[in-house]
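Q:
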Amino acid sequence: MAKNTYMRWRLPLVCLLWEVAMIVLFGVFVRFGAEADAHWEEEKREMNLTSDIENDFYFRYPSFQDVHVMIFVGFGFLMTFLKRYGFGAVGFNFLLAAFGIQWALLMQGWFHSFKDGKIFIGVENLINADFCVGSVCIAFGAILGKTSPIQLLVMTLFQVTLFSVNEYILLNLLHVKDAGGSMTIHTFGAYFGLTVTRVLYRPNLEQSKDKQGSVYHSDLFAMIGTLYLWMYWPSFNSAISDHGDAQHRSAINTYCSLAACVLTTMAFSSMLQKKGKLDMVHIQNATLAGGVAVGTSAEMMLTPYGSLIVGSISGIVSTVGYVYFTPFLESRLHIQDTCGIHNLHAMPGLIGGIVGAITAAAATEDVYGKEGFIKAFDFTGVYQTRTPSVQGGFQAAGIMVSLLMAFVGGAIVGGILKLPIWGDAAAENCFEDGVYWEVPEDEESDVYHMHNPDKPASP
Amino acid sequence: MAKNTYMRWRLPLVCLLWEVAMIVLFGVFVRFGAEADAHWEEEKREMNLTSDIENDFYFRYPSFQDVHVMIFVGFGFLMTFLKRYGFGAVGFNFLLAAFGIQWALLMQGWFHSFKDGKIFIGVENLINADFCVGSVCIAFGAILGKTSPIQLLVMTLFQVTLFSVNEYILLNLLHVKDAGGSMTIHTFGAYFGLTVTRVLYRPNLEQSKDKQGSVYHSDLFAMIGTLYLWMYWPSFNSAISDHGDAQHRSAINTYCSLAACVLTTMAFSSMLQKKGKLDMVHIQNATLAGGVAVGTSAEMMLTPYGSLIVGSISGIVSTVGYVYFTPFLESRLHIQDTCGIHNLHAMPGLIGGIVGAITAAAATEDVYGKEGFIKAFDFTGVYQTRTPSVQGGFQAAGIMVSLLMAFVGGAIVGGILKLPIWGDAAAENCFEDGVYWEVPEDEESDVYHMHNPDKPASP
Amino acid sequence: MAKNTYMRWRLPLVCLLWEVAMIVLFGVFVRFGAEADAHWEEEKREMNLTSDIENDFYFRYPSFQDVHVMIFVGFGFLMTFLKRYGFGAVGFNFLLAAFGIQWALLMQGWFHSFKDGKIFIGVENLINADFCVGSVCIAFGAILGKTSPIQLLVMTLFQVTLFSVNEYILLNLLHVKDAGGSMTIHTFGAYFGLTVTRVLYRPNLEQSKDKQGSVYHSDLFAMIGTLYLWMYWPSFNSAISDHGDAQHRSAINTYCSLAACVLTTMAFSSMLQKKGKLDMVHIQNATLAGGVAVGTSAEMMLTPYGSLIVGSISGIVSTVGYVYFTPFLESRLHIQDTCGIHNLHAMPGLIGGIVGAITAAAATEDVYGKEGFIKAFDFTGVYQTRTPSVQGGFQAAGIMVSLLMAFVGGAIVGGILKLPIWGDAAAENCFEDGVYWEVPEDEESDVYHMHNPDKPASP
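Protein chains in written order, with the UniProt record's numbering: chain A, 1 to 459; chain B, 1 to 459; chain C, 1 to 459.
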């Protein structure tokens with residue numbers, strides 16, 4: 001079935017329309033926050049700050065840059081594992097993230113930084129925008145290779161919107177803690193993406209089965225993505241935690257969890273394979289589950305050994321997922337999950353939400369200190385009387401809300417993306433850069449053709 | 001025409017001569033600045049600082065490292081797109097930058113950090129040295145693949161010198177603001193490089209046309225360069241801004257500009273191509289124009305929506321440049337611009353200078369606050385009475401001076417590089433690593449052996 | 001000779017056993033340090049700190065992340081130069097480092113952060129754990145491609161233990177300064193690895209000679225590792241220096257040394273080769289020797305020109321080592337050193353130790369200032385009366401102790417690894433990912449068009 005994948009007018013139209021809308025909305029709403037505004041000198045005096053180093057920029061900018069790398073290089077290169085979809089992986093991720101952060105600055109700004117009709121932004125808003133887009137990059141993983149860039153832009157528009165609503169419900173209405181986003185980013189993003197890919201189910205996808213694998217070099221490119229995600233995850237989980245001990249603690253917990261996760265992933269990757277060999281798919285992905293699974297609890301007093309336990313379990317769950325669940329999801333539930341986000345983000349995200357709820361419920365003034373307890377859970381104002389067990393309950397409710405938003409939102413957005421106007425490719429052309437990209441003549445194929453067409457496949 | 005590209009004595013001689021000169025000059029002139037000297041304990045007391053965190057190191061070091069990555073990985077890998085010039089791209093960039101930062105520490109030191117016969121250096125000097133070398137990396141982009149390493153070292157020596165003079169005229173004599181270097185780094189660097197490549201015009205370059213393209217994997221390597229430049233550009237533009245709000249603001253403006261630039265680049269890349277497909281050359285380069293174009297104004301109150309506008313325009317200009325101007329420059333003006341720096345640095349640099357002039361001219365005490373206004377433009381001392389519109393005029397003069405320095409300097413240096421003693425390759429050997437590098441037997445060459453059946457099977 | 005490389009039960013067993021041990025030991029011993037604990041609010045009051053920015057997290061976290069990148073991406077990708085061992089290089093490095101940092105937190109914790117039966121950890125412990133693992137990554141370079149993952153895990157267990165003992169002797173008993181680890185990390189790690197590889201000598205290794213080289217793309221992957229090590233080395237050498245001027249100074253010295261090293265490496269790489277061409281092996285490795293060689297002295301008043309001298313010399317020594325010493329070590333001493341760590345870490349590490357001893361012995365109150373002198377060498381308490389020349393002597397003793405520990409430890413651990421139970425590959429299967437990894441069908445082999453010779457040349 002030939003499909004019209006001609007992008008010449010559609011893609012420019014959508015890009016330019018989106019961007020013009022951003023310019024208008026930014027013009028109406030977005031202004032520099034107090035710490036980024038030239039009035040800061042006066043502000044500083046009023047806030048009684050004696051040094052420029054007290055500017056939030058210095059508390060968060062290094063973490064922001066790490067998160068930025070995770071979104072653009074981390075997610076982008078992680079998805080380059082496909083042999084002929086490297087341009088699409090890294091290029092479309094670039095496109096959707098660049099658009100998404102603009103829209104997220106607005107959506108999150110309206111919910112969280114809105115005052116006197118304006119949105120005031122600073123470095124924390126940049127981090128949150130990157131976080132929000134992270135959930136879109138996750139969903140992209142499920143539909144990688146099967147969608148047009150326009151579909152991705154449309155999905156980004158809706159997903160960022162839904163993300164912001166969900167985040168507002170969790171953080172503001174339920175007063176839930178979720179600094180590393182196990183619920184808001186991973187659970188929501190992954191189940192959203194899985195629902196979308198279910199709606200977009202392609203029965204004939206085995207026609208492009210030969211392109212769904214990796215080649216030697218593409219696996220190495222993907223490892224660049226893996227390692228940057230793995231190394232910078234402590235920054236991810238600590239980026240928007242409270243200044244001081246909370247950021248410090250989040251980084252340590254995440255570091256520990258990720259280290260443990262690598263060992264159990266390697267163990268199960270070898271164990272679940274008849275020949276006992278390691279599988280790059282597991283190493284590229286399941287090693288990261290430990291970062292997802294401490295997303296909620298990292299800033300709590302999870303303790304280093306608690307982190308090791310959570311990391312170990314999530315590595316096992318994720319690897320087992322790749323071996324047993326992914327084929328099951330595809331064959332029985334018709335969920336075609338290109339990157340296996342169910343194993344890397346969905347299940348570990350749920351674990352993260354649950355661990356967060358338990359850790360919150362188990363909190364005591366003894367462990368946190370009197371002041372630390374109040375500060376850690378922000379038990380001030382109307383929440384002054386909330387107890388840890390009640391907090392645990394609300395945390396659990398946060399998981400449910402995220403799941404609900406993901407399923408309902410994903411179904412609707414999937415339906416929209418199913419309209420035959422967005423220029424997606426036919427099943428036999430999936431996972432193939434040539435559909436949307438000018439692809440250079442390839443080295444190998446040139447050489448072979450030039451010389452000896454009847455030679456058998458080499459080495 | 002065979003040319004003598006034998007480097008065995010010439011390259012070592014130049015490298016060692018250069019390095020010995022550096023050691024002698026550093027020995028005579030360079031000392032640790034107060035904040036890096038072991039006397040800092042006493043200094044701190046005198047400056048009434050209560051904490052080590054007030055050391056400039058903590059304000060600027062994270063940005064320095066990001067800039068460092070941009071110079072070595074960013075520029076280095078951006079230029080690996082050529083199918084057979086990856087070693088030269090990343091290796092020669094490494095060589096010239098490593099030499100350049102030493103010479104820049106001296107040159108810039110004499111102009112800006114000279115006291116009692118010594119140059120006192122700290123982290124800000126390291127950043128400035130990296131910036132200076134950035135302009136050489138830009139010029140390298142124009143002559144990539146067509147020059148010998150010795151030519152590059154000679155060019156670096158002269159360009160760093162001229163850069164420092166130009167920077168001194170702009171920053172000290174004209175009292176111009178240019179924190180992200182739209183004028184000093186990009187406009188100067190690009191037009192310098194374009195002038196050099198014009199002087200070195202090779203009429204027979206189509207003899208190596210087959211090697212001027214990319215292959216699939218080389219385009220992915222180049223995307224590593226692109227993304228690191230893109231992600232860290234907010235650090236680039238904010239690295240040497242004033243502490244506090246100015247650094248914070250520069251990062252936000254640059255973040256916004258770059259995000260917008262990606263969308264317009266994708267739009268025009270698809271629109272300007274008959275088949276509507278995206279072109280990796282545009283994605284790799286034009287997406288970065290937004291960072292160049294806010295280089296001067298990022299630390300000013302450009303505002304987020306102003307940044308989106310600048311970014312959008314520069315993405316369009318740059319992409320259009322790749323499609324229409326580059327072929328024109330080559331065929332009509334005999335400017336062979338390997339990486340298209342005219343589109344990525346020259347035009348966006350000019351936009352940046354102009355936007356900076358306008359933003360400065362439009363500044364008011366209302367927008368900046370009374371103190372912020374004085375601090376932002378440094379209207380103190382002899383500049384106490386300078387008005388925004390006068391400042392705007394000086395900013396515009398800065399563009400002119402940079403262009404003049406670039407054209408005159410480029411012509412002279414190009415003439416020097418044209419001397420037949422530097423060991424550049426013949427036209428048919430351009431864009432080929434084999435000329436200056438030991439190149440491993442390649443996957444492809446393995447394949448060749450196959451057709452030579454008495455040879456043992458590779459790889 | 002066929003060997004049993006079947007990992008299915010052995011590797012999982014070791015990984016899981018190791019990880020369970022870590023969980024138990026962390027549970028018993030490891031707790032958050034004061035600056036990462038929720039009691040920090042109270043702590044802050046007691047320590048009279050007025051701002052959260054005084055938390056050590058903000059002094060060291062950016063450097064920590066840079067070091068983290070060096071260990072996982074730097075070392076991992078540096079070793080991907082082999083044509084068919086990229087998975088093993090980056091994957092096994094990932095595995096051993098992830099395990100090693102856990103064990104190092106414990107070992108170093110017992111020696112340095114132990115109080116009231118608990119180990120209290122913070123960001124400095126994370127950096128030190130990464131440092132410790134760095135020495136294992138170095139040793140891995142010598143045996144790359146010739147060992148099973150189980151051997152690597154066993155070696156890591158022992159080497160981390162020995163590293164911690166050696167470090168304790170140097171830093172606590174000898175009161176030696178070694179912030180960048182020329183002695184503790186490089187000298188110890190490299191001679192340990194060289195001893196191990198000597199014990200594991202494989203007489204028939206030439207059977208896999210064809211796989212010991214690189215291919216074009218694998219050399220570019222390796223350059224990613226090189227550049228990240230090179231760029232972030234200033235962070236490495238300054239990461240655990242004293243707050244303020246010492247961190248600042250370490251970064252500057254390292255920056256200078258590395259810059260000089262690149263030029264002398266390029267010079268000698270070209271000079272020592274008959275055809276005068278540059279060799280990627282030298283560029284990938286010897287350019288880094290400058291960072292190793294200022295490891296001990298970077299935080300001292302080495303001065304920028306001193307750093308240039310040290311960097312220049314180490315680049316020469318390292319390049320000469322690759323050309324002349326490595327073949328000699330292999331043919332005469334039966335030391336098979338896959339990555340040439342003798343040239344990159346062993347010799348420059350020794351230079352670093354010696355330069356450190358000399359710089360310490362030459363220290364005067366005049367150069368450091370009265371307070372700076374005491375602070376730089378920590379001449380307080382029982383060390384109040386130690387003189388610079390005595391300190392120099394102890395520094396020299398530190399080199400000897402490190403060498404001794406490396407030789408004795410390496411011999412014992414090498415003996416253990418020689419046991420025929422760890423599943424290493426036969427000589428003809430060395431340097432081949434297929435032994436321990438599921439390797440995807442290779443690009444060359446699946447050029448579909450080949451089987452379809454009438455098809456036009458692809459994309």
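Even glycine gets a Cβ: it sits at the ideal position worked out from N, Cα and C.
1) Within the chosen definition, does the segment 276-291 of chain C reach the segment 86-103 of chain C through at least 3 CB pairs nearer than 8 Å?
2) Name the DSSP bridge partner or partners of residue 278(B)?
3) Could you list the residues in the segment 2-20 of chain A with a C-beta less than 7 Å from some C-beta on chain B, going in chain order?
4) Under 9 Å between C-beta atoms, does residue 121(B) make it to chain A?
5) Where does the unbroken alpha helix (DSSP H) through residue 20(B) begin, and where does it stop?
6) Quick one: Cα of residue 313(C) to Cα of residue 261(C), how far?
7) What does a CB cutoff of less than 7 Å around residue 77(C) pick up in its chain, not counting 5 residues either side in sequence?
8) If distances are taken between C-alpha atoms only, which option among 347(C), 373(C) and 27(C) comes closest to residue 189(C)?
9) Look up residue 83(C) in the DSSP assignment and say whether it is helix, strand or coil.
10) Please list the partners that residue 190(B) has in chain A, where partner means a Cβ-to-Cβ separation under 8 Å.
11) Just to make sure I have the definition right: I need the residues of chain B whose C-beta is within less than 7 Å of the C-beta of residue 247(C). Which are they?
12) Starting from the beta carbon of residue 98(B), find every residue of chain C whose beta carbon is closer than 7 Å, and list them in chain order.
13) Looking at the structure shown, is residue 143(C) part of a helix, part of a strand, or coil, going by DSSP?
14) Taking the straight line between their C-alpha atoms, what separation do you get for residue 328(A) and residue 338(A)?
15) Cβ of residue 179(C) within 9 Å of Cβ of residue 237(C)?
16) Strictly under 9 Å for the Cβ-Cβ distance: is residue 44(A) near chain B by that measure?
17) Determine the closest residue to residue 432(B) out of 63(B), 24(B), 55(B) and 84(B), with distance taken between C-alpha atoms.
18) Pick helix, strand or coil for residue 431(B), following the three-state DSSP scheme.
19) Out of 377(A), 87(A), 144(A) and 65(A), which one is the CA nearest neighbour of residue 125(A)?
20) Of all the residues that make up the segment 228-242 of chain C, which are near chain B by a beta-carbon distance shorter than 9 Å?
21) Taking the runs of the alpha helix (DSSP H) that are 4 residues or longer, which of them lie wholly in the segment 266-332 of chain C?
22) By DSSP, does residue 221(B) sit in helix, in strand, or in coil?
23) In the DSSP assignment, find the unbroken alpha helix (DSSP H) run with residue 120(C) in it and report its ends.
24) Do you know whose CA, among 297(B), 233(B) and 266(B), lies nearest residue 291(B)'s CA?
25) In the DSSP assignment, find the unbroken alpha helix (DSSP H) run with residue 399(B) in it and report its ends.
26) Under 8 Å, CB to CB, which of the residues in the segment 330-342 of chain B have a partner in chain C?
27) Quick one: does the C-beta of residue 102(C) sit closer than 8 Å to a heavy atom of the ligand NAP?
28) Between the C-alpha atoms of residue 386(A) and residue 363(A), what's the straight-line distance to the nearest angstrom?
29) Going along the chain, which residues of the segment 203-230 of chain A sit with their C-beta nearer than 9 Å to a C-beta in chain C?
30) With DSSP as the reference, please indicate the residues paired to residue 214(A) in a beta bridge.
31) Give the straight-line distance between the Cα atoms of residue 81(C) and residue 87(B), rounded to the nearest whole angstrom.
32) Based on the DSSP secondary-structure assignment, which residues constitute the bridge partners of residue 115(A)?
33) Check the DSSP bridge columns for residue 32(A) and list the partner residues they point to.
34) Quick check on residue 282(B): buried or exposed, where buried means 16 or more other Cβ atoms within 10 Å of its Cβ?
35) Less than 9 Å between CB atoms is the rule here; does residue 41(C) satisfy it with respect to chain A?
36) Quick one: using the 10 Å Cβ neighbour count with 16 as the cut-off for buried, is residue 453(C) buried or exposed?
A: Quick look at the numbers:
1) no
2) Taking the second sequence and counting its residues from 1, one reaches residue 278(B) at position 278. Answer is 437(A), bridged to residue 278(B).
3) 6, 7, 8, 11, 12, 15, 16, 18 and 19
4) In the second sequence, counting from the first residue as 1, residue 121(B) sits at position 121. Any Cβ of chain A closer than 9 Å to the Cβ of residue 121(B) would place that residue at the interface, and such an atom is absent.
5) Translated into positions along the second sequence, residue 20(B) becomes position 20. Judged by DSSP secondary structure, residue 20(B) falls within the alpha helix (DSSP H) whose first and last residues are 10-29.
6) Looking up residue 313(C) in the third sequence gives position 313. Looking up residue 261(C) in the third sequence gives position 261. Each residue's alpha carbon lies about 7 Å from the other.
7) Walking along the third sequence from the start, residue 77(C) turns up at place 77. Excluding positions up to five away in sequence, the list reads 90, 221, 222, 224 and 225.
8) Taking the third sequence and counting its residues from 1, one reaches residue 189(C) at position 189. Considering only alpha carbons, the answer is 347(C).
9) The residue you call residue 83(C) lines up with position 83 of the third sequence. It is coil, neither helix nor strand.
10) Position 190 of the second sequence, counting from 1, holds the residue named residue 190(B). None at all; the shortest Cβ gap to chain A is about 24 Å.
11) For this step, residue 247(C) is matched to residue 247 along the third sequence. Residues of chain B passing the Cβ test: 57.
12) The residue labelled residue 98(B) in the question sits at position 98 within the second sequence. Residue 98(B) reaches chain C at 259, 262 and 263, counting residues in chain order whose Cβ is nearer than 7 Å.
13) Mapped onto the third sequence, residue 143(C) falls at position 143. In the structure shown, residue 143(C) sits in a helix (DSSP, three-state: H, G or I).
14) The residue given as residue 328(A) occupies position 328 in the first sequence. The residue given as residue 338(A) occupies position 338 in the first sequence. Taking the straight line from one Cα to the other gives about 13 Å.
15) Taking the first residue of the third sequence as position 1, residue 179(C) is located at position 179. Taking the first residue of the third sequence as position 1, residue 237(C) is located at position 237. Yes.
16) Translated into positions along the first sequence, residue 44(A) becomes position 44. True, the Cβ-Cβ gap to chain B drops below 9 Å.
17) Working through the second sequence from its first residue, we reach residue 432(B) at position 432. Measuring from the Cα of residue 432(B), the nearest candidate turns out to be 84(B).
18) As a first step, residue 431(B) is located in the second sequence; it is residue number 431 there, counting from the start. Residue state, collapsed to three classes: coil.
19) Here residue 125(A) refers to the residue found at position 125 of the first sequence. For the residues 377(A), 87(A), 144(A) and 65(A), the minimum Cα distance to residue 125(A) belongs to 65(A).
20) 228, 230, 231, 232, 234, 235, 238 and 242
21) 280-285, 289-293 and 304-320
22) Stepping through the second sequence from its first residue, residue 221(B) is reached at position 221. Correct three-state label for residue 221(B): helix.
23) For this step, residue 120(C) is matched to residue 120 along the third sequence. Where residue 120(C) is concerned, there is no enclosing alpha helix (DSSP H), although the beta strand (DSSP E) it sits in stretches over 118-121.
24) On the second sequence, position 291 is the one that residue 291(B) refers to. The option with the nearest alpha carbon to residue 291(B) is 233(B).
25) Translated into positions along the second sequence, residue 399(B) becomes position 399. Looking at the DSSP string, the run of the alpha helix (DSSP H) that includes residue 399(B) is 388-418.
26) none
27) As presented, the structure is devoid of all ligands, the ligand NAP included, so that no description of it is given.
28) Taking the first residue of the first sequence as position 1, residue 386(A) is located at position 386. Taking the first residue of the first sequence as position 1, residue 363(A) is located at position 363. Approximately 12 Å between the Cα atoms of the pair.
29) Of all residues in the segment 203-230 of chain A, only 210, 213, 214, 215, 216, 217, 218, 219, 220, 221, 223, 224, 226, 227, 228 and 230 come within less than 9 Å of chain C when Cβ atoms are compared, listed by chain position.
30) On the first sequence, residue 214(A) is found 214 positions in, with the first residue counted as 1. Paired residue(s): 82(A).
31) Within the third sequence, the letter at position 81 stands for residue 81(C). Within the second sequence, the letter at position 87 stands for residue 87(B). In a straight line, the C-alpha of residue 81(C) is about 13 Å away from that of residue 87(B).
32) Start at 1 with the first residue of the first sequence, and residue 115(A) comes out as number 115. Beta-bridge pairing links residue 115(A) to 118(A).
33) To locate residue 32(A), count along the first sequence from 1; it is residue 32. DSSP, once it has assigned bridges, lists 121(A) as partnering residue 32(A).
34) If you number the second sequence from 1, residue 282(B) lands on position 282. Flag for residue 282(B) reads buried.
35) Indexing the third sequence from 1 puts residue 41(C) at position 41. Taking Cβ atoms only, chain A reaches closer than 9 Å to residue 41(C), which makes this a yes.
36) The sequence position of residue 453(C) within the third sequence is 453, counting from 1. Legend: pLDDT at residue 453(C) = 37, less than 50; position of this residue unreliable, no value from coordinates given.
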